C-alpha cells in the first residue's frame, strides 16, 4: 500500500502499478527512458522539480499531492480502495461488447489459455475475500479484456469454459461495485453475469449469479423484485437437484439464494417472510453439516447466523441482532473469510448504534477494520457510520476509534 512515509519514487511505482502500466509504457507516456523511470522508482535519481512531479502525476491520473505525500485527509480508504480512475476503467470494460468482434473484425489481442485465466479468476476471488480491492480492480480490468477473447477463440478449453469464467468475473465486479455504492454499474455487471452463465454449462453458477442481480436490485431499492427473484430461482434449483439429497454445492447455492432473499425481505420490512427464509436456510445448512465455501458462497451454519443478525439490523431490531452475535462461537466466526467477518462486525456496529451503545459500536468498527480494512475505509455506509459514532460520542472517542476516523478522513 502506498504510504506517506514512503520515498517519492516508491509512490510513483505504486501508482504506476495500480494503473496497470509497465515501466516502458509509463516512460513512453511521459517522454522519458525506461532507465530514467527505474532510477526514479529506486530512489537513485531524485525528483526535485515540481514541474516534473506534476507531469508524472498527470500521467498517473493522481494529484501531485499524492506523490508528495501531502494528501487531503477527507479521502476514505486512501490507497486501499478503488479510485475513480479504476472504477471508470471497469465501467468502460463493461460497456464494451467484444463478442461482436467475430462479426466485425478479428480480436485485436491473442487469447489467454483458459487454464491460465482460471488461475487469474481464482486469484481475484481470493483477493476479494481478503478485502484487497485495488488488487481486485487491477485483476478485473485485465480479466474483463481477456475472458471475452478466450470465449471467442478458446485455447486449452471450450467456449463454455470461458463463459463460466466470464460469469465469475462479472460476479466479482458486481459485488465490489455494489459495496462502493455504484449500484447501477453493479446491476449491469450482474446482468452480464447471467448472460455469460447462460452460455456455460453450469446451472449452479447461473444460480449464484442470480444473487448478484438480486443484490444490485436491493441496492437500487427494488426489494420485492430482489426477494421474488431469489426465492423463485432457489426453489427451481433445489427441485432440479434432488431436494435435500442434492450435492453439497447445490445445497450451498440454494442456501445462499435463501439468505439473500431473507435480506431483501428484511429491507422490505417483511419480518415474517424474512424469518421463514432464514429458517429454510438454517435447515439447508444443517443438511450441509459444516461451514463451506462452494462457489465462494461461505454458506453454512455460521453464515446463516450472520445473516440472521444482519436481517435484525435491517429490521431495526438491534438488540436481537446483538443477541444472535453473542450466540456465534468466536472460533466459527474466525474461520470465515476476512470479508465476511468484517462485514458482520460492521453490521454489529450498526446494531450498537440502534441500541445507543456508541462505545461498543466503535469497538466493533475497529475490529472490522482489523479483519478487512477496505470493508470499512472504502464503503460509504461504513464511513457514514463513523461520522455518526463521532457525533454521538460524549467527550473524546477512544484512541483506536479516533485513529480510524483520522485515517478515513472523518476528523478535520
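In the UniProt record's numbering, the protein residues as written are 1 to 412. Don't be surprised by glycine CBs; every beta carbon is placed ideally from N, CA and C. The structure presented is a predicted model; accordingly, all values stated were derived computationally and were not measured.
Provide the residue span of the alpha helix (DSSP H) that contains residue i, from first to last.
{"i": "residue 112", "result": "Element bounds for residue 112: n/a, residue is neither H nor E."}
{"i": "residue 261", "result": "248-267"}
{"i": "residue 312", "result": "301-314"}
{"i": "residue 326", "result": "318-327"}
{"i": "residue 280", "result": "271-288"}
{"i": "residue 93", "result": "84-95"}
{"i": "residue 333", "result": "330-334"}
{"i": "residue 148", "result": "133-152"}
How would you call residue i, buried or exposed, if buried means at least 16 neighbouring beta carbons within 10 angstroms?
{"i": "residue 392", "result": "exposed"}
{"i": "residue 347", "result": "buried"}
{"i": "residue 331", "result": "exposed"}
{"i": "residue 179", "result": "buried"}
{"i": "residue 326", "result": "exposed"}
{"i": "residue 33", "result": "exposed"}
{"i": "residue 112", "result": "buried"}
{"i": "residue 207", "result": "buried"}
{"i": "residue 171", "result": "buried"}
{"i": "residue 182", "result": "buried"}
{"i": "residue 371", "result": "buried"}
{"i": "residue 341", "result": "buried"}
{"i": "residue 417", "result": "One cannot answer for residue 417 here, as it falls past the ends of the chain, which runs 1 to 412."}
{"i": "residue 134", "result": "buried"}
{"i": "residue 298", "result": "buried"}
{"i": "residue 77", "result": "Caution applies to residue 77, whose pLDDT of 40 falls short of 50 and renders its modelled position unreliable; the model cannot decide the point."}
{"i": "residue 23", "result": "buried"}
{"i": "residue 369", "result": "buried"}
{"i": "residue 230", "result": "buried"}
{"i": "residue 232", "result": "exposed"}
{"i": "residue 401", "result": "buried"}
{"i": "residue 210", "result": "buried"}
{"i": "residue 4", "result": "The predicted position of residue 4 is uncertain, since its pLDDT is 47 and thus under 50; a value taken from the coordinates is nonetheless stated next. The residue in question, residue 4, is exposed, as its Cβ has fewer than 16 Cβ neighbours within 10 Å."}
{"i": "residue 290", "result": "exposed"}
{"i": "residue 73", "result": "Annotation note: pLDDT 43 at residue 73 (below 50); position unreliable, coordinate value reported separately. Exposed is the call here."}
{"i": "residue 260", "result": "buried"}
{"i": "residue 386", "result": "buried"}
{"i": "residue 110", "result": "exposed"}
{"i": "residue 37", "result": "buried"}
Is it the case that the CB of residue i approaches a heavy atom of the ligand PLP more closely than 6 Å?
{"i": "residue 145", "result": "Within the structure as shown, the ligand PLP is missing, as the structure has no ligands at all."}
### Query
How do the segment 321-335 and the segment 270-279 stand: do at least 3 beta-carbon pairs fall below 8 Å, yes or no?
Segment contact: the segment 321-335 against the segment 270-279, fewer than three CB-CB distances shorter than 8 Å; contact not assigned.
### Query
Whole alpha helix (DSSP H) runs in the segment 4-68 with 4 or more residues, listed along the chain?
Contiguous alpha helix (DSSP H) elements confined to the segment 4-68 occur at 8-18, 23-30, 34-42, 50-60, 64-68, taking only those with 4 or more residues.
#### Entry: Within the segment 170-233, ranges of the alpha helix (DSSP H) (whole runs, at least 4 residues)
Segments of the alpha helix (DSSP H) lying fully in the segment 170-233: 183-198, 203-219.
### Query
Unbroken alpha helix (DSSP H) runs of length 4 or more, entirely within the segment 353-409: which are they?
Within the segment 353-409, complete alpha helix (DSSP H) segments of at least 4 residues are found at 358-371, 373-377, 380-392, 399-408, given in chain order.
### Message
Check whether the segment 173-191 and the segment 149-158 touch, using three or more Cβ-Cβ pairs below 8 Å as the test.
### Response
Cβ pair count under 8 Å is below three, so no.
### Query
Touch check for the segment 165-182 and the segment 144-153: three-plus C-beta pairs under 8 Å?
Counting C-beta pairs closer than 8 Å gives three or more between the segment 165-182 and the segment 144-153, which meets the contact rule.
### Query
Is the segment 58-67 in contact with the segment 108-117, if contact means three or more CB pairs nearer than 8 Å?
Contact fails: fewer than three Cβ-Cβ distances are below 8 Å.
#### Entry: Three or more C-beta pairs below 8 Å linking the segment 191-201 and the segment 220-233
The segment 220-233 and the segment 191-201 do not touch, with fewer than three beta-carbon pairs separated by less than 8 Å.
### Message
Would the segment 198-218 count as touching the segment 301-319 if we require 3 or more Cβ pairs under 8 Å?
### Response
Result no; under three Cβ-Cβ pairs closer than 8 Å.
### Task
Spell out a yes or no on whether the segment 335-355 and the segment 379-398 are touching, meaning 3 or more CB-CB pairs, one atom from each, closer than 8 Å.
Proximity of the segment 335-355 to the segment 379-398 meets the contact definition, three or more beta-carbon pairs being nearer than 8 Å.
#### Entry: Three CB pairs or more closer than 8 Å across the segment 252-259 and the segment 223-238
Proximity of the segment 252-259 to the segment 223-238 meets the contact definition, three or more beta-carbon pairs being nearer than 8 Å.
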